[in-house]
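Working notes, structure below.
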Amino acid sequence: MTIHKVEYLLLFSVLKDGEFLKNVASDWRLCHTEVAAASDRLFQNGDILVLLTTKEGVRTPDVVLTLSQIKAALDGKLNMGYYLSPQGGARWEALCCPDWNWFYQQSTSYERRESYIICSRI
């Protein structure tokens, strides 16, 4: 399986914590156009999702962003953190073949009543 470099960086960057698209662009010194195109492909393929938070604090999970919303997020105009969907996690796992013995952090979501491992030592 092959993957576009920026798509891989987007998947990799979100492994340890929820991430913001604008941080990925600046952390990896990528242009917004590259990140927008790669993010759009990942959203449309169902590999990443977003937790949107309004100014009033209302949170909406599992949102698929449009290209214009992605560009707004890259410009810091949209408050959101993206995360891997189960499909995106499976795609990352198929690419990287992680040793699950190295996973060390777990998280509990009380809102969704879920507990899951979100980090690995890579």
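Just so it is clear: in the sequence shown, position 28 is 1445 by our numbering, and no numbers are missing. Beta carbons: idealized from backbone N, C-alpha and C, even for Gly.
**Prompt:** CA-CA distance, S1430 and E1436?
**Reply:** Residue 1430 sits at position 13 when you count from the first residue of the sequence shown. Residue 1436 sits at position 19 when you count from the first residue of the sequence shown. Rounded to the nearest angstrom, the two C-alpha atoms are 7 angstroms apart.
**Message:** Considering just the uninterrupted stretch of the alpha helix (DSSP H) at I1487, what are its terminal residues?
**Reply:** Here the question's residue 1487 lines up with position 70 in the sequence shown. First-last of the alpha helix (DSSP H) with I1487: 1484-1491.
**CA-to-CA distance, V1475 to F1460, given in whole angstroms** = Position 43 of the sequence shown, counted from the start, is the residue given in the question as residue 1460. Position 58 of the sequence shown, counted from the start, is the residue given in the question as residue 1475. Between F1460 and V1475, the C-alpha separation is close to 22 angstroms.
**Three-state secondary structure (DSSP) of R1476** = As a position in the sequence shown, residue 1476 is number 59, starting the count at 1. Looking at R1476 - three-state DSSP - the assignment turns out to be strand.
**Asked** Rounded to whole angstroms, how far is the Cβ of S1456 from the Cβ of I1487, which I believe are closer than 8 angstroms?
**Response** Here residue 1456 refers to the residue found at position 39 when the sequence shown is read from its first residue. Here residue 1487 refers to the residue found at position 70 when the sequence shown is read from its first residue. Sure, about 5 angstroms apart at Cβ, within 8 angstroms.
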